[in-house]
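**Student:** Residue numbering for the sequence shown follows numbering that gives the first Met the number 0, beginning at 0 and increasing consecutively. Quick reminder that beta carbons are idealized off the backbone N, C-alpha and C, glycines included.
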Amino acid sequence: MVKKLPAFGYNAPANEIDFMWPTQAMFDQMRAEVHLKSMTFKYHNSISSVQCQLSNGSESPLFEKKGGDHDNPCTIEFQKDRIASVAAAEDKDVRYGYVWRLRFLNSEGQDVQVYNPSGSQADCTFIPIADSDQLIGVYGVYRPDNFFFKSFGFLVKTPRR
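(1) Sort out for me which residues DSSP pairs residue 7 with in a bridge.
(2) Within its chain, find whatever has a CB closer than 6 Å to the CB of residue 79; leave out the 5 residues flanking it on each side and keep chain order.
(3) Classify residue 108: buried if its beta carbon has 16 or more other beta carbons within 10 angstroms, exposed otherwise.
(4) Can you name the residues that DSSP bridges to residue 38?
(5) Give the secondary structure of residue 24 by DSSP, where H, G and I count as helix, E and B as strand, and everything else as coil.
(6) What do you reckon, are the CB atoms on residue 154 and residue 126 nearer than 7 Å?
(7) Is it buried or exposed for residue 131, if we count other Cβ within 10 angstroms and need 16 for buried?
(8) Using alpha carbons as the reference points, say which of 70, 118, 60, 74 lies closest to residue 20.
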């Protein structure tokens, strides 16, 4: 099963979500050993672009609004055995939504991967990932008045029963 972790930035209701990958239907067709291989992020005053790749070669669409400068590309590679125990983001203004920095931590609270194009060191919001769950994708909401995400969250796969 695919489930949404709480979003960073604006906590959008389900009917406002602009993108989600993979969908539950896609996940249902995947083999159990498929895992998140990488995520590529870009930045336009806030995180504005993401594309995911799975270990089976599947790749998400490029989620970004056209017309803006999406700079500072960075691909984060993940290992199959343990992608992350905690996802963290520097996010501000839950009404309007901004996500400046992403951190992926291990079970000891140490950074495993970081995307921080702004160089910020401000406090982050931390969202634990259950030991039995594994990052598998993303979801979010575009800002109508700009090129970055108003809301950004991660999808996890839970063990099949």
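**Tutor:** With the given structure in hand:
(1) According to DSSP, which records beta bridges pairwise, residue 7 is partnered with 151.
(2) If you ignore the 5 residues before and after residue 79, its C-beta comes within less than 6 Å of the C-beta of 34, all in its own chain and listed in chain order.
(3) By the beta-carbon neighbour count (other beta carbons within 10 angstroms, threshold 16), residue 108 is exposed.
(4) Per DSSP, the beta bridge partners of residue 38 are 51, 75.
(5) Residue 24 falls in the helix class under three-state DSSP.
(6) Taking the C-beta atoms as reference points, residue 126 is found no nearer than 7 Å to residue 154.
(7) Exposed.
(8) Selected option, being the one with the closest Cα: 60.
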